[in-house]
Amino acid sequence: MTNNQPAVLTIAGLDPSGGAGVIADIRTFIEFDCFPTAALTSLTFQNTQAVSGAVNQTAATVRAQVKAILQDIHVVAAKTGMLPTREVVTEVARLVRETKLTAPVVDPVMNSTSGFELMSDDAFLALKNELLPVALVVTPNVPEAERLAGFRIHNTADMRRAAQSIRQLGVGAVLIKGGHLNDQKGSAEAIDILDNDGDVTVFRSEWIDVAGVRGTGCMLSAAIAASLARGKSLEDAVGLAKECVTAAIRRAAP
Ligand code: PLP
6 MTNNQPAVLT IAGLDPSGGA GVIADIRTFI EFDCFPTAAL TSLTFQNTQA
56 VSGAVNQTAA TVRAQVKAIL QDIHVVAAKT GMLPTREVVT EVARLVRETK
106 LTAPVVDPVM NSTSGFELMS DDAFLALKNE LLPVALVVTP NVPEAERLAG
156 FRIHNTADMR RAAQSIRQLG VGAVLIKGGH LNDQKGSAEA IDILDNDGDV
206 TVFRSEWIDV AGVRGTGCML SAAIAASLAR GKSLEDAVGL AKECVTAAIR
256 RAAP
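So the sequence shown is numbered by my numbering: it starts at 6 and just counts up by one.
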């Protein structure tokens, strides 16, 4: 760590194949010239095609990792990714409340693209009730936002309503990623909506139709945390993070 490299922490799962999870987060932190630190919540077994299993960490091992990092590294910003169990979610919320751990960017990872459940149902409830009230911003895609808000999202007006409703859970800001919205498929742009304490910003980016890009959610939330660590406002951090993800998708396009 150097003086001009702010330390950023990811609390997330390991995808040993490097497409998603902490490896994608660390790559992103480095891209933003931040010093990467990581606490593992789960060791998953996967490759570019599918997730075949996972061995989860316990509350105690997640706590021990985070406490050791915080003891002598000044973590400026943090993000969470895969939080597989209720005990791990509860522990992360407790760490934010009880230690110097900064309010995190929460990527509410629920399932892999291939359909593997990365978070149990009771972990989802703990995320909603315990982690969101201490989070800085939550970054759901449309299916995740539907589950958090409790209603279906068909268009950008629904996205705005869902963001407002998710804010009622106690999180100050909500970024809903519209890439999964049916009416955006085949259209020229992907629309994301940031509701920051009632101030709504609409982000439009080029829709690039490419299958099999993995870890974009991890990358986006990591880039937001890294940009916040670099002193950007939330609105600017989301804009820069979106540019980073769009560039990665463009690189992956055939
Ligand atoms: N594995 C881990 C450890 C993750 O954190 C995530 C997403 O956050 C995934 C897999 C899912 O990635 P994908 O959506 O690319 O399947």
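C-beta atoms are modelled at their ideal positions from N, C-alpha and C, and glycine is treated no differently.
- Counting along the chain, ILE196 sits inside the beta strand (DSSP E) bounded by residues 194 to 201.
- In this structure, VAL143 keeps its C-beta atom at 8 Å or more from the C-beta atom of VAL93.
- Annotated three-state conformation of LEU180 is strand, per DSSP.
- The C-alpha of ASP204 is placed about 18 Å away from the C-alpha of PRO138.
- Burial check for ARG91: the Cβ neighbour count within 10 Å reaches 16 or more, so the residue is buried.
- ILE198 has its alpha-carbon roughly 13 Å from the corresponding atom of ILE171.
- Shortest Cα-Cα distance from ALA17 to any of LEU123, LYS133 and VAL147 involves LEU123.
- As the crow flies, the alpha-carbon of ILE181 is around 25 Å from that of ARG99.
- Per DSSP, PHE121 lies in no alpha helix (DSSP H) segment and is marked neither H nor E.
- Here ASN134 carries a helix assignment [DSSP, helix/strand/coil].
- C-alpha of LEU45 to C-alpha of ALA108: approximately 18 Å in a straight line.
- In this chain, the beta strand (DSSP E) harbouring ASP204 covers 204 to 211.
- Judged by pairs of C-beta atoms under 8 Å, the region 238 to 245 does not touch the region 209 to 220, as fewer than three such pairs exist.
- The C-alpha of PHE50 is placed about 11 Å away from the C-alpha of PHE121.
- When LEU186, ARG152, LEU233 and SER119 are compared, the shortest CA-CA separation from LYS133 is found for ARG152.
- Under the three-state reduction of DSSP, ILE78 is assigned to coil, being neither helix nor strand.
- For GLY18, the pairing in a beta bridge is given by DSSP as SER47.
- In the structure shown, PRO148 falls within a helical segment according to DSSP collapsed to helix, strand and coil.
- Annotation for ALA228: the continuous alpha helix (DSSP H) segment containing it runs 221 to 234.
- Inclusion of GLN51 in the 7 Å shell around the ligand PLP follows from its C-beta lying nearer than that to a non-hydrogen atom of the ligand.
- With respect to the 8 Å criterion, VAL67 and VAL27 are not classified as neighbours on the basis of their beta carbons.
- Residue environment for ASN146: buried (at least 16 other C-beta atoms within 10 angstroms of its C-beta).
- Contact check for GLU211 against THR161 fails: the beta carbons are separated by 8 Å or more.
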